[in-house]
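Below is one structure, written out as structure tokens; the observations come after it.
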Amino acid sequence: MVDNKSTSSSTSSAVAIIGAGPVGLYAALLMGKAGVDVHVFDKEENVIQSPRAIAYFPVVLEDFKTAGIYEDVCQAGWKNTIGASWRKPKNGGKLAHLGGNDPTKFAIHLGQHELAAVILDHLSRLPNVSVRWNTSLERFEDLESESMVKSYFAYGPDKVPQQHVSRFLIGADGGRSTVRKLLGLPLDGFTWDDWQIIAANVVYDMDTESDWGPANFIVDPDIWSVIAKTGKGPNWRVATGERVIEGLTEGSWDEEEGLKRTRQRLAALLPGNTDKAEIVKISPYKMHQRCAPSFRQGSVVLAGDAAHLTNPIGGLGLTTGLMDASLLGHVLNRILVDGQPSSLLDVYAEKRRAVFVDFTSPTATANRQRLLGTDLETLKEREDFFAKINKPDIPFLKQMFESEMGVYSNPETI
Ligand SMILES: Cc1cc2nc3c(=O)[nH]c(=O)nc-3n(C[C@H](O)[C@H](O)[C@H](O)COP(=O)(O)OP(=O)(O)OC[C@H]3O[C@@H](n4cnc5c(N)ncnc54)[C@H](O)[C@@H]3O)c2cc1C
1 MVDNKSTSSS TSSAVAIIGA GPVGLYAALL MGKAGVDVHV FDKEENVIQS
51 PRAIAYFPVV LEDFKTAGIY EDVCQAGWKN TIGASWRKPK NGGKLAHLGG
101 NDPTKFAIHL GQHELAAVIL DHLSRLPNVS VRWNTSLERF EDLESESMVK
151 SYFAYGPDKV PQQHVSRFLI GADGGRSTVR KLLGLPLDGF TWDDWQIIAA
201 NVVYDMDTES DWGPANFIVD PDIWSVIAKT GKGPNWRVAT GERVIEGLTE
251 GSWDEEEGLK RTRQRLAALL PGNTDKAEIV KISPYKMHQR CAPSFRQGSV
301 VLAGDAAHLT NPIGGLGLTT GLMDASLLGH VLNRILVDGQ PSSLLDVYAE
351 KRRAVFVDFT SPTATANRQR LLGTDLETLK EREDFFAKIN KPDIPFLKQM
401 FESEMGVYSN PETI
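Residue numbers for the sequence shown follow full-length UniProt numbering, beginning at 1 and rising by one.
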């Protein structure tokens, strides 16, 4: 059951999830389908609508089959059987192209808020799952001796106090995670201090204006970008690099100045007459490579952006978060339904942290450098990479597609 109001002051469930982003909702679905009693809490009135993740790769789509949402996700999104290109800006030409040879391997383009809507629809059919909006976690007590976590929330604008008791608590509350902070865990790593990203949702008839495909990495030391369809119709995401400037950060954004800069950037980047482009929404954000030192403390676990943050070039942030949710859902089902020991959560925590540190962060860093790097090492790597793709070097491509599995943790091995 999904409700928008919460009036009772004290509730309980086997699992409480903080955060109704895609990661929290996906974990709720996997456990809800196994019959586990789950309550999800989110401080917002509804799913966050700002321009964020837009692509789901084969490894995630396979998982969606198990969760029963594959068909609906494919129906809601746009199927990319064409692949991705690396290009110079505007009419500078194509440098390399990857994919498009095997129609059974495709990505689905769909805004993450639309993915969340699909999952919410499936959750609404599960009487053992509830989603409570306008409910912000303030603190919790992990009463390990009593095998329970007591959480304290503030509900609505009047901050009405609410309490909830659960066996386990999942922090899926994003990069500024209250759960992680309450656990006293830092996000180790670094923030890229040279560049930030301006993400814009743009309506533009690129198919008429150009021969560009649905996913484009723009290679340029000054105006590097990722430009991709966000779903059906002429809807595009332009995520473009801006040198870090004072006063141009999340939460301190001058709309007028932002619109002016983005329009200039579109003219420099996109083919055709960009005066026809409609800029729907813009968000500036910083890029990080950061990870919590541990994803578990007692009955409390972290998943998604609450546990790790990466730059978004190549779409590995949410991909990794959804694969966290997949393993975590599986592990908690084993504990709560099959009676396995809760020490299984350590396996979840270690495996998923290793995936971020050993695969996600280095791969996303290489993806980013390939677009904007000018040092000799990067130039050589880029040249080799494009040569292997364009040749094509089959063993290299096979290895690359297989490496996508680096983001996945097979639950059967636990
Ligand atoms: C511009 C941009 C583009 C991106 N593009 C891509 C991409 O193409 N591919 C990709 O894979 N990733 C991408 N990412 C990353 C992706 O958006 C994140 O990895 C994803 O949102 C993580 O999902 P999540 O559910 O962990 O967290 P979130 O989506 O941030 O959800 C967290 C939820 O927790 C709630 N919350 C927070 N604090 C509390 C509290 N105290 N109490 C209750 N609720 C709380 C919030 O309201 C929110 O709904 C992009 C990110 C950005 C910023």
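The C-beta atom is built at its ideal place from N, Cα and C for all residues, glycine as well.
Three-state secondary structure assigned by DSSP to residue i
i    : result
D305 : helix
R265 : helix
D142 : strand
D3   : Here D3 scores only 47 on pLDDT, less than 50, and its place in the model should not be relied on; the value that follows carries that caveat. If DSSP states are grouped into helix, strand and coil, D3 belongs with coil.
R352 : helix
I108 : strand
S299 : coil
P214 : coil
S342 : coil
T135 : strand
Y65  : Here residue 65 turns out to be Lys, not Tyr, going by the sequence shown. The answer is helix: DSSP assigns K65 an H, G or I state.
Same chain only: Cβ atoms within 6 Å of residue i, ignoring 5 sequence neighbours per side
i           : result
S283        : S50, P51, A199
residue 442 : Outside the displayed range of the chain (1 to 414) lies residue 442, so it cannot be described from this structure.
E141        : K150
S6          : Because the pLDDT at S6 is just 46, under 50, the model does not fix this residue reliably, and the value given afterwards should be weighed accordingly. The answer, listed in chain order, is R132, T135, Y155.
N4          : Because the pLDDT at N4 is just 41, under 50, the model does not fix this residue reliably, and the point stays unresolved.
R353        : F295
G213        : I82, S85
Host beta strand (DSSP E) of residue i (start-end)
i    : result
Y155 : 148-155
G189 : 188-203
V280 : 278-291
A53  : That residue, A53, is in no beta strand (DSSP E); it is neither H nor E in DSSP.
R237 : 235-243
S12  : 10-18
V73  : Here V73 belongs to no beta strand (DSSP E); instead the alpha helix (DSSP H) covers 70-76.
A84  : 84-87
Sequence-distant residues of its chain with Cβ nearer than 8 Å to residue i (five each side left out)
i    : result
P186 : A292, P293
V2   : Any answer about V2 is weak, because its pLDDT of 43 lies below 50 and its placement is not dependable; what the coordinates show is given next. The answer, listed in chain order, is L120, L123, S124, V129, S130, V131.
G315 : A53, I54, A55, F57
N390 : A96, H97
V36  : A14, V15, N128, L332, N333, L336, V337
I48  : G21, H113
heavy atom of ligand 3 below 8 Å from residue i C-beta
i    : result
A387 : Ligand 3 is absent from the structure shown, which contains only ligand 1.
Start-to-end residues for the alpha helix (DSSP H) that takes in residue i
i    : result
N367 : 361-372
S326 : 316-336
K181 : 178-182
A28  : 22-33
P395 : 394-403
I414 : No alpha helix (DSSP H) contains I414, which DSSP labels as neither H nor E.
K391 : It is not in any alpha helix (DSSP H) - K391 carries neither H nor E in the DSSP assignment.
Contacts around residue i, its chain only, beta-carbon distance under 7 Å, and the 5 residues preceding and following it disregarded
i    : result
F106 : K79, N80, T81
I394 : none
R265 : I223, T240
V407 : V59, L316, T319, T320, M323, V355, F359, T360
Tell me whether the region 59-77 and the region 354-371 touch, counting them as touching only if at least three CB pairs, one residue from each stretch, are closer than 8 Å.
no
Three CB pairs or more closer than 8 Å across the region 161-181 and the region 295-308:
yes
If you pair each beta-carbon of the region 17-24 with each one of the region 36-44, do three or more pairs fall below 8 Å?
yes
So, do the region 25-32 and the region 319-333 have three or more beta carbon pairs nearer to each other than 8 Å?
yes
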